[in-house]
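Asks: Sharing a structure, written as structure tokens. Questions coming.
In the working numbering, the protein residues as written are 446 to 734.
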């Protein structure tokens, strides 16, 4: 499918004020919500609905996400509600995604009270596709990844600036820039920039920064702080007790040994399903899974 042939000619193009271009590296500032042109979106959906439906059906049969061409076709259709200079329209034309800008546009459709059910469904397919393309290691809130993926479940690595601290937290894909700004205010009140243990907790890829009670989640998960990874593994695996058992056994057999050397890699594998070890600020923090 050639998406370039789906766009209007120059005489039909809308003004460029709907999407502010920014230099590479600049932070994204969400534009004010625009008045959606539902009529144009519906016309486009009638024209391209069969292609999109086929793409979704193909993905469902194979238990995968939609392919790139189907994602572009959905974005092209949605872009008609915002105008040619929208991020969605740009992705439809070029296949190049500006995630933050696209997110704020398709979420405006997602939460609109006038949106029919098929719009929310297609937003979900498009949004999860874009997130997984940009963040292939993105995890889900549930330990067993659901299918099909939802924006509420999929956690997106998101940079936040709290005073002099810049770090990455993880937020569900259903939150826009305005919500993320509110989250930054909450993290500022929690003095995240001064609490290294909380930083370690929020850096975990399966921790939802929008859980509703960050500190409760932190205190329920936190085990202890250690000088380094070996100290943490020694405590979690109770190496002192293991060494005492070995000493007793060897003593009973009338044998002697000089020293024992832990297999740190084997111990890492042993604790991997039980706890998370996070190194931050020169210390290691341990959390329950």
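Think of the CB as a built atom: it goes at the ideal place given N, C-alpha and C, for glycine as much as any other residue.
Small disclaimer: the values here were computed from a predicted structure and weren't measured.
1) Of the choices 554, 529, 607, whose alpha-carbon is the least far from that of residue 632?
2) Consult DSSP for residue 569 and reduce its assignment to one of helix, strand or coil.
3) When you compare each of 562, 488, 576 to residue 511 by their alpha carbons, which one comes out closest?
4) Just verifying my parser: in three-state terms, what is the DSSP assignment at residue 685?
5) For the alpha helix (DSSP H) holding residue 627, just list the boundary residues, first then last.
6) When the Cα atoms are used, what is the spatial distance from residue 540 to residue 497?
7) At what residues does the beta strand (DSSP E) containing residue 730 begin and finish?
8) Is it buried or exposed for residue 705, if we count other Cβ within 10 angstroms and need 16 for buried?
9) Whose C-alpha, out of 550, 580, 592, 658, is nearest the C-alpha of residue 600?
10) Just tell me which of 595, 569, 529, 678 has its CA closest to the CA of residue 719.
11) How about the segment 680-690 and the segment 608-621: do they share at least three Cβ pairs that are nearer than 8 Å?
12) DSSP three-state label for residue 606, please.
13) What is the C-beta distance between residue 642 and residue 733, in whole angstroms, given that I count them as a contact (C-beta under 8 Å)?
14) Going by C-alpha to C-alpha distance, which of 481, 503, 701, 574 sits closest to residue 558?
15) Just reading off the beta strand (DSSP E) that residue 721 is part of, what are its end residues?
16) Taking just the CA atoms, how far does residue 621 sit from residue 656?
17) Output yes or no for whether 8 Å exceeds the beta carbon distance between residue 725 and residue 645.
18) Apart from the five residues just before and just after residue 568, which ones in its own chain have a Cβ nearer than 7 Å to its Cβ?
Replies: For this structure:
1) 607
2) helix
3) 576
4) helix
5) 622-634
6) 16 Å
7) 728-733
8) exposed
9) 580
10) 678
11) no
12) strand
13) The pair is not a contact, with the Cβ atoms about 14 Å apart (cut-off 8 Å).
14) 481
15) 720-725
16) 15 Å
17) yes
18) 551, 554, 555
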